[in-house]
Amino acid sequence: MTAFTTLRLDGVTRRFGGADALTGLDLEIRRGEFIALLGPSGCGKSTALNCLAGLLPLSDGSIWRDGTRLDTLPPERRGFGMVFQNYALFPHMSVRKNISFGLQMRGVPRAEARRRTDEAIRLVHLEEHAGKLPGQLSGGQQQRVAIARAVVVEPSLVLMDEPLSNLDAKLRLEMRTEIRRLHQNLGLTTVYVTHDQEEALSMADRLVVLRGGRVQQIGSPEEVHNRPANRHVADFLGFRNLLPGKAVSASSIKINGFGVRPSASFVGAIGVGDPVVAAIRPEDVEIGSGLEVTVDVAEYHGREIAAEVRTADGLTLHLRTSQRLAPGDKVEVTLPPSRLLVFPG
Amino acid sequence: MTTSALALRHRLAERGIDPQLFLLVPATVFVIALFVYPFCYGIAVSLQPAQGGALAAYRAFFTDAYQRDTITTTLGIALPAALVNVLAAVPIAYRMRGKFRGKRLLTTVLVVPITLGTVLTAEGLLGFLGPTGWFNRALLSLGVIDQPVTLTHNYTGVFLSLIITGFPFAFLLVLSYLSGIDPSLERAAATLGAGWAQRFFRITLPLLAPGLATTFCLTFVLAFSVFPSAILVGDPTGSTRVISIAAYEAAYVRYDYAAASAAAIVMGVVELVVISVVLGLRSLLYTGSTAGGKG
């Protein structure tokens, strides 16, 4: 295990043909951290991961492990472990051989390799399946083999490329906890790529939100969740309502159809009279005396109803409520100013 | 239709008996008319020689060294040719998997010899590699050799001709087998610390091996029935007197159809033996999916 204090990405850039897939990614990863690269598909998060792993050469920038430059090394000499989206298990090798492959390649003595392989198999609860081929396992079991194979070599960094995206919803939740538990127990520094904001928020110590190959925000789950850096991050992190409006003073705005909202939180430089976008989560829209809206669509979500409603002006809003709403119902809604984030429009 | 008739149809369909079976009719007719019938006819003819018992033609074939040795001569050309074709195709196909600029052009160049046919290839070889061909003249004028090298009308000529016509088949087959192997497997092996040689020999080759066995069988069969080039660029009375020449001579020089059929049947049996050995070895290999998982 090549332990490090920090792993530094310095202006990591990757172009495909003329298109920039990733532009100037600067990031310092501390030992033991769990970092999530979050963004919609095509945002450059997988490109970043492949650049880190050494599977894609950089177009520009550099990667440093403490004082050692890494981006010039081939993947087999970086000492990272990687979990692939499709698991990439060797189909002709048993579970045990898959897991011990990395130890063999690193020339670990046979007895120690066997001990560590056994330990890894136990860690992911696959004792009864050790002799099977990957094709005989279920998706969740294959996933666990892939994780065991990556962590058994005690890599200085584990890279995970949307490892849960091929699992069903129940298994996904279970594996999420499992991965987080492994990270806590083994203290493995992890970079985790996902497009699922809930997954990123619940697992990571720090989030890197990407869009169009550029970093939008780096911060703790709380920071990113409560104070997205711009309207795109807000949109991606669950602020489904993005309402156009205008700044009327240094701390109040006018949203079309809703009148003046005082003391909303401004994010970014906004001058009086500038066009703005006010963002609010569906769960923060309150039903009570305010603007009358008509329910268009109501989805049953157990204790809550998620509804799409329309104002008289034709503005669409999303809200969540415990009230039993049905399409065609008329209710009044308000936007609590403390829950409103205002971005430059 | 009554319910019982429906139930019967359903039960038959579950066993694979349904109207789609009619789609197999043309192929079945073809195989019977063009393979099964001639094959049985050939066996029958070979068992009815003009003189001697039913097996006289076979006895004559195996007791006459001039006929018998055609088996080893043919194997001596076809086995190495098939092996070289497969082994040469692997590195080229390995380099050419994935996408790159000019791939289509390069593939076309590599595959064009299929369209030439053996006779044209033989003509070309004679003109290029013959005693007064470009190849010898170039070497002579460069002073590399004093005497022209004999590359035609011998074993080498036939061997080269089989490489030229057989390689495209081997290459196309190996390329398609290689493209079927999930590229993320090698990437996973790389992140686990495997260098290129380990990646190739521990991951790619084991997954490719069954395909190589199949490719070997096909190119072997092509090479084993070598006839035009054995005569045109070979030494048809000596080192390249292959089994098909023996059959041809029996049929159209000596008009001994029993002997000709016997030679042809022997030829088929030898091919079957080689193919069964190769496929037997293949069955010992991992032959399942070459994907890395779900997704």
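Protein chains in written order, with our numbering: chain A, 27 to 371; chain B, 60 to 354.
The beta carbon of each residue, even a glycine, is placed where N, CA and C say it ideally should be.
Keep in mind it's a predicted model, so treat the numbers as computed, not measured.
- For P172/B, same chain residues with a beta-carbon under 8 Å away, outside a window of 5 residues either side, are T180, I223, T224, F226, P227 in chain order.
- With a beta-carbon spacing of about 7 Å, D36/A and W90/A fall inside the 8 Å limit used to define contacts.
- Between I281/A and A332/A, the alpha-carbon positions lie close to 22 Å from each other.
- With a cutoff of 7 Å on beta-carbon distance, F60/A and H209/A are scored as near each other.
- Around A114/A, the beta-carbon contacts reaching into chain B at under 8 Å are D241, S243, L244, R246, A247, G351, G352.
- For P139/B, the uninterrupted alpha helix (DSSP H) segment begins and ends at 124-155.
- Closest in alpha carbon position to F116/A, among S335/B, P265/B, A321/B, Y117/B, is P265/B.
- A straight-line Cα-Cα distance of about 35 Å links D322/A and M229/A.
- Taking 7 Å as the cut-off, the beta carbon of A289/B is found closer than this to the beta carbon of V301/B.
- Residue pairing for Q243/A: DSSP places it in a beta bridge opposite V235/A.
- Listed along chain B, no residue sits closer than 9 Å to P189/A by beta-carbon distance, the nearest being about 10 Å off.
- With the criterion set as a beta carbon lying under 9 Å from some beta carbon of chain B, the members of the segment 76-100 of chain A are N76, A79, G80, L81, P100, in sequence order.
- Between the C-alpha atoms of L366/A and E309/A there is a straight-line separation of about 12 Å.
- When the alpha-carbon of L361/A is set against those of Q130/A, G283/A, V298/A, S348/A, the nearest one is in G283/A.
- For Y236/B, the nearest beta carbon of chain A is not closer than 7 Å to its own beta carbon.
- Out of R341/B, A253/B, M326/B, Y316/B, the CA that lies nearest to the CA of Y100/B is found in Y316/B.
- Our two residues, T209/B and R341/B, have alpha carbons roughly 38 Å apart in a direct line.
- Cβ-Cβ distances below 8 Å link A79/A to P101, R104, F106, M108, L185 in the same chain, with the five nearest sequence neighbours on each side left out; the list follows chain order.
- For the pair G165/A and L193/A, the CB atoms are nearer than the 7 Å cut-off.
- In the three-state reduction of the DSSP assignment, F259/B falls in the helix class, which pools H, G and I.
- Listed in chain order, the non-local C-beta contacts of L84/A below 7 Å within the same chain comprise V38, T39, R40, C77, D97, local neighbours out to five positions each way being set aside.
- In the three-state reduction of the DSSP assignment, I334/B falls in the helix class.
- Contact between L263/A and P254/A holds, with the beta-carbon distance rounding to 6 Å and staying under 8 Å.
- Of I102/B, G186/B, I334/B, V84/B, the smallest CA-CA separation from F275/B is found for I334/B.
- According to the DSSP assignment, L263/A belongs to no alpha helix (DSSP H), since it is labelled neither H nor E.
- Nearest to D231/A by C-alpha distance, out of A45/A, G44/A, V286/A, L63/A, is L63/A.
- Under the three-state reduction of DSSP output, N267/A falls in the strand class.
- Counting along the chain, no alpha helix (DSSP H) covers A276/A, and no H or E run does either.
- For T360/A, the enclosing beta strand (DSSP E) begins and ends at 356-360.
- Taking every protein chain shown into account, the CB of Y218/A has 16 or more other CB atoms within 10 angstroms, so this residue is buried.
- Going by beta carbons, Y214/B and T133/B fall outside the 7 Å limit.
- Chain-ordered, the chain A residues with CB closer than 7 Å to the CB of T250/B read A79, P101, F106, G107, M108.
- Within chain A, the residues E102, F127, M131 have their CB atoms less than 8 Å from the CB of A253/B, given in chain order.
- The beta carbon of H221/A does not come within 7 Å of any beta carbon belonging to chain B, so the residue lies off that interface.
- In this structure, V319/A keeps its C-beta atom at 7 Å or more from the C-beta atom of V274/A.
- Considering only L93/B, V90/B, V217/B, P269/B, the residue with the shortest C-alpha distance to S348/B is P269/B.
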